[in-house]
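Undergrad:
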């Protein structure tokens, strides 16, 4: 294991941030970095978007739930976020420690989140004029990209006075269409929403859910089979599985996702991301 | 694969039936044969019980759904059933072709099934006085064993005017307590019901369910993770996974069940049955 | 995990030994207990044989190699061994700490091992007249069973002046023929040796081997695929996978073995043993 330890040690937060900053993504390309669970960084053109950055140990502090491995970045490393997208209020998605540090250090970063998250995010230090509501099913233009929040059912669709409580995001950026599902099962209407536009990169959870996790307060997502079938039906050009690695008791073996692809739709293109890996997507 | 073809050919229905008939199960022992899907045969003392015998190709005839391998017995081979237990009306559980032949050939065989199955079973030729209702949560004595039907939620608990639509069976036979779950998810109240008696052999589905199968009319069950957690919580002495092998599009890899056992509870005793295998259980 | 911890705690060495002692194995039956790695206990009639009992932490003391879980018995718990069979000199097979304690406490226990192990075993306290050489390919009668050592190739067949360095054992006991492969790959001649007698229970390693483990001094075995194919070709009635659980860096997922069975020969009967489980085998 010494080699791996070495490899990990060798890839410092500084190196990772520098890689993000120096990576060139000409028109019709995108780069994705995987930070664990559903935390990803997406770069297209000169814009960098963080989705659900879980870089603290909020859940360990609050509930004794340890990460399987340390966050690859500290919140204070994040000086390059043009936007932070939050899918819902759970601590491993809306990580207020991380959000607070990013907001303080980067006055220009904008934040998009379901309306019901706004109060907590403002309290964490996000400025009113930097905070945008994730209004589902409509495109909204931002500087350098546009977003269409997609309702997510975690495990149920829930509407609050501020709109959907759980969302995913359709991100149209630099000529590449990216879907980040957030935490969701496959609900009636999801596939139809996805079919409204050709999706280049689809990122979906695979950890599933069950009666016993539910009993422990762990809300479920689609499992690896549903993820494969959804990706196949929605015709994602490339599918990235998410949400399997950071919490041992709520994870999944990514190999099950891969094996089911090979059984169900061996032409489906997938990419299992290594920790902190950068993937470059070239459209056409 | 010639060796396997040979192995299979070598084990004719006649040999299988003769094995059932000659197997001795002294007090506090039971023998179980696996016929695929949720079809099992249980022997204790001199009594033989068939649960959900799916020995025809009903589903292929009706819906073009082929078996992954031929039924190991034909309905006409079954001359040794003291009782046939049916868990619910789906064709791969209440197989009317099989039931019809068994009833005609064996006037003494009794049938136990949810009340809502009775009309169809009578029409298939089961005599009124041989047909018993699966009344949930109460023990009923039969000749040589007693039964307590347990509500099953496939995927929901459903009560009809005739009682529960889906059931499993607690079978107390020859000093051995056996639970056959039928088709069910883990619902609130199931574990408590199981904990009411120490269970020697627990047989549970592992095929799960998902939005896409549901869309195709395939109702779901617990998955391999829930099966392991249920078995561990209910403290089954031995757990046999079921419902993964006969229909390719609704199956599961039994190895996933085994690997999850080793991750979650490596002291949990399990038995993955080979096709047509006989397992002998010795209680202490 | 409290339930499992409970389950484990509830099964003390005393309970395990008492279970061995009280288990009845009438003619044509055998009982097998799994103690981890390749350590098994076999009972037939009133004879109890330990194979490769690794009950100490020799490898942790010598090389810092930790067990994945504590040995289920201490050497001093073993007061019921009629015979101890050793397959080869590696510390997790010929565990001199365990052998020494057993020899001291049980003057009647006999030991069978390759000749090249004898000096070390004598030094550990095994009496000259209790120590027998594992001479390959010939049956030898002992009190209550007979043995035929089978050459093992770990990874090579090696002959010393004292005969084969690595062996497995064919154990004919109480009407049941049991093959414990020891540490071996499938070498030319092995299958033919196995086909010389019908084998009821075949126990085979599944951990494989590779260039990197070899570099670390870890000699390889057959892998799960070879184990399945060997079992199918040799027509074991029941196959038990061994050697996957005690050392994390030299283990295997038993589910892979199960899944490969279902792919290659779904009629092959197998049993993955839970930790400390007792399995009772009934020969027709």
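Chains as they are written, first to last, in the numbering used here: chain A, 24 to 307; chain B, 24 to 307; chain C, 24 to 307.
Glycine included, each C-beta is placed from N, C-alpha and C at the ideal position.
Here the structure is a predicted model, which is why all the values come from computation and not from measurement.
Kindly indicate which three-state DSSP category residue 98 of chain A falls into: helix, strand or coil?
TA: Reading the first chain from its first residue, position 75 is the one you call residue 98 of chain A. Helix.
Undergrad: Hey, out of A:51, A:50, A:48, A:56, whose CA is closest to residue 38 of chain A's CA?
TA: Position 15 of the first chain holds residue 38 of chain A. Ranking A:51, A:50, A:48, A:56 by Cα distance to residue 38 of chain A puts A:56 first.
Undergrad: Suppose the cutoff is 8 Å on Cβ atoms and the five residues either side in sequence are ignored; what does the same chain contact list for residue 313 of chain C look like?
TA: No information on residue 313 of chain C is available, as it lies outside the stretch 24 to 307 that chain C covers here.
Undergrad: So, at 6 Å on beta carbons, what are the nonlocal neighbours of residue 241 of chain B in its own chain, with the 5 sequence-adjacent residues on each side left out?
TA: For the purposes of this step, residue 241 of chain B is identified with residue 218 of the second chain, where counting begins at 1. Only 273 meet the Cβ criterion.
Undergrad: Determine the burial state of residue 59 of chain C: buried for a count of at least 16 other Cβ atoms within 10 Å of its Cβ, exposed for fewer.
TA: Here residue 59 of chain C is taken as the residue at index 36 of the third chain, counted from 1. That one is buried.
Undergrad: Do residue 54 of chain C and residue 301 of chain C have their beta-carbon atoms positioned less than 7 Å apart in this structure?
TA: As a position in the third chain, residue 301 of chain C is number 278, starting the count at 1. As a position in the third chain, residue 54 of chain C is number 31, starting the count at 1. Result yes, Cβ atoms of residue 301 of chain C and residue 54 of chain C sit closer than 7 Å.
Undergrad: First and last residue of the alpha helix (DSSP H) that includes residue 142 of chain B?
TA: Reading the second chain from its first residue, position 119 is the one you call residue 142 of chain B. It spans 141-146 - the alpha helix (DSSP H) in which residue 142 of chain B sits, taken as one unbroken run.
Undergrad: Strictly below 8 Å CB to CB, what residues from chain B border residue 297 of chain C?
TA: Locating residue 297 of chain C in the third chain gives position 274, where the first residue counts as 1. By Cβ distance, chain B contributes 284, 289, 290, 291, 292, 293.
Undergrad: Where DSSP assigns a beta bridge to residue 172 of chain C, which residues make up the other side?
TA: As a first step, residue 172 of chain C must be located in the third chain, where it is residue number 149. C:192, per the DSSP bridge assignment.
Undergrad: When the Cα atoms are used, what is the spatial distance from residue 237 of chain B to residue 230 of chain B?
TA: As a first step, residue 237 of chain B is located in the second chain; it is residue number 214 there, counting from the start. As a first step, residue 230 of chain B is located in the second chain; it is residue number 207 there, counting from the start. Their backbone Cα atoms lie some 13 Å apart in a straight line.
Undergrad: State the DSSP-derived secondary structure class of residue 294 of chain B, mapped to helix, strand or coil.
TA: Here residue 294 of chain B refers to the residue found at position 271 of the second chain. Looking at residue 294 of chain B - three-state DSSP - the assignment turns out to be coil, as it is neither helix nor strand.
Undergrad: Can you find a C-beta in chain B that's less than 7 Å from the C-beta of residue 249 of chain A?
TA: Walking along the first chain from the start, residue 249 of chain A turns up at place 226. Judged by the 7 Å Cβ criterion, residue 249 of chain A is in contact with chain B.
Undergrad: Taking the beta strand (DSSP E) that residue 210 of chain B belongs to, which residues open and close that run?
TA: Reading the second chain from its first residue, position 187 is the one you call residue 210 of chain B. Note, residue 210 of chain B: premise wrong, no beta strand (DSSP E); not H, not E.
Undergrad: Mark residue 87 of chain A as exposed unless 16 or more other C-beta atoms lie within 10 angstroms of its C-beta, in which case mark it buried.
TA: In the first chain, residue 87 of chain A corresponds to position 64, counting from 1. The residue is exposed, with fewer than 16 neighbouring Cβ atoms inside 10 Å.
Undergrad: Tell me the rounded alpha-carbon separation between residue 303 of chain B and residue 306 of chain C.
TA: On the second chain, position 280 is the one that residue 303 of chain B refers to. On the third chain, position 283 is the one that residue 306 of chain C refers to. C-alpha separation (whole angstroms): 10 Å.
Undergrad: What is the C-beta distance between residue 103 of chain A and residue 44 of chain A, in whole angstroms, given that I count them as a contact (C-beta under 8 Å)?
TA: The residue given as residue 103 of chain A occupies position 80 in the first chain. The residue given as residue 44 of chain A occupies position 21 in the first chain. Residue 103 of chain A to residue 44 of chain A, Cβ: 6 Å. Contact.
Undergrad: Rounded to whole angstroms, what is the Cα-Cα separation between residue 170 of chain B and residue 91 of chain C?
TA: To locate residue 170 of chain B, count along the second chain from 1; it is residue 147. To locate residue 91 of chain C, count along the third chain from 1; it is residue 68. Looking at the two C-alpha atoms, the distance is approximately 42 Å.
Undergrad: Give me the residue from C:225, C:226, C:227, C:244 with the minimum Cα distance to residue 234 of chain C.
TA: Here the question's residue 234 of chain C lines up with position 211 in the third chain. The shortest C-alpha separation from residue 234 of chain C is found at C:244.
Undergrad: So residue 167 of chain A packs on residue 68 of chain A, CB below 8 Å; how close in whole Å?
TA: Position 144 of the first chain, counted from the start, is the residue given in the question as residue 167 of chain A. Position 45 of the first chain, counted from the start, is the residue given in the question as residue 68 of chain A. 6 Å between Cβ atoms; contact.
Undergrad: My parser needs the alpha helix (DSSP H) runs of 4 or more residues fully inside the segment 252-301 of chain A; what are they?
TA: Fully enclosed alpha helix (DSSP H) runs of 4 or longer: 277-287.
Undergrad: Put residue 180 of chain A into one of helix, strand or coil per three-state DSSP.
TA: Working through the first chain from its first residue, we reach residue 180 of chain A at position 157. Coil at residue 180 of chain A, not helix or strand.
Undergrad: Can you check which of these residues, B:267, B:261, B:285, is closest to residue 292 of chain B by C-alpha distance?
TA: Here residue 292 of chain B corresponds to residue number 269 of the second chain, with the count starting at 1. Of the candidates B:267, B:261, B:285, the one whose C-alpha sits nearest the C-alpha of residue 292 of chain B is B:261.
Undergrad: Buried or exposed: which applies to residue 25 of chain A, given that a residue is buried once 16 or more other Cβ atoms fall within 10 Å of its Cβ?
TA: Start at 1 with the first residue of the first chain, and residue 25 of chain A comes out as number 2. Bear in mind that a pLDDT of 47 at residue 25 of chain A, under 50, signals an unreliable position, so the model cannot answer this.
Undergrad: Pick out whichever of A:223, A:209, A:211, A:239 has its Cα sitting closest to the Cα of residue 202 of chain A.
TA: Position 179 of the first chain holds residue 202 of chain A. Out of A:223, A:209, A:211, A:239, A:223 has the C-alpha closest to the C-alpha of residue 202 of chain A.
Undergrad: Along the segment 220-247 of chain A, where does the CB come closer than 8 Å to a CB of chain B? Name the residues.
TA: Result list: 231, 233, 234, 235, 245, 246.
Undergrad: Name the two residues that bound the continuous beta strand (DSSP E) containing residue 45 of chain C.
TA: If you number the third chain from 1, residue 45 of chain C lands on position 22. It is not in any beta strand (DSSP E) - residue 45 of chain C instead sits in the alpha helix (DSSP H) that spans 36-45.
Undergrad: Okay, do the segment 251-258 of chain B and the segment 75-87 of chain B touch, 3+ Cβ pairs below 8 Å being the bar?
TA: Not touching, per the Cβ criterion.
Undergrad: Within this structure, are the beta carbons of residue 73 of chain C and residue 124 of chain C separated by less than 7 Å?
TA: For the purposes of this step, residue 73 of chain C is taken as residue 50 along the third chain, with counting starting at 1. For the purposes of this step, residue 124 of chain C is taken as residue 101 along the third chain, with counting starting at 1. Not in contact: residue 73 of chain C and residue 124 of chain C (Cβ atoms no closer than 7 Å).
Undergrad: Figure out for me which residue from C:70, C:277, C:98, C:259 has the closest Cα to the Cα of residue 247 of chain C.
TA: Counting from one through the third chain, the residue named residue 247 of chain C turns up at place 224. Residue C:277 is the option with its Cα nearest to residue 247 of chain C.
Undergrad: Can you pull the chain B neighbours of residue 36 of chain C, defined as C-beta to C-beta under 7 Å?
TA: As a first step, residue 36 of chain C must be located in the third chain, where it is residue number 13. Within 7 Å Cβ-Cβ: nothing; residue 36 of chain C doesn't reach chain B, min ~14 Å.
Undergrad: Could you check what DSSP says for residue 150 of chain C in three-state terms: helix, strand or coil?
TA: In the third chain, the residue the question calls residue 150 of chain C occupies position 127. Coil, per DSSP.
Undergrad: Does any residue of chain B have a CB that is nearer than 7 Å to the CB of residue 40 of chain C?
TA: Position 17 of the third chain holds residue 40 of chain C. Chain B, which has no Cβ nearer than 7 Å to the Cβ of residue 40 of chain C, makes this no.
Undergrad: Determine the chain C residues that contact residue 215 of chain B at a beta-carbon separation under 9 Å, and present them in chain order.
TA: Here residue 215 of chain B refers to the residue found at position 192 when the second chain is read from its first residue. In chain order: nothing, as chain C lies at least about 15 Å away.
Undergrad: Alpha carbons only, please: which of C:206, C:197, C:281 is nearest the one belonging to residue 164 of chain C?
TA: Looking up residue 164 of chain C in the third chain gives position 141. The shortest C-alpha separation from residue 164 of chain C is found at C:197.
Undergrad: In three-state terms, what does DSSP make of residue 28 of chain B?
TA: Your numbering for residue 28 of chain B matches position 5 in the second chain. Residue confidence for residue 28 of chain B is low, a pLDDT of 46 falling below 50, so the modelled location carries little weight; the figure read from the coordinates is stated next. Of the three classes helix, strand and coil, the one that applies to residue 28 of chain B here is helix, per DSSP.
Undergrad: Measuring straight from C-alpha to C-alpha, what distance separates residue 162 of chain A and residue 275 of chain B?
TA: The sequence position of residue 162 of chain A within the first chain is 139, counting from 1. The sequence position of residue 275 of chain B within the second chain is 252, counting from 1. C-alpha separation (whole angstroms): 40 Å.
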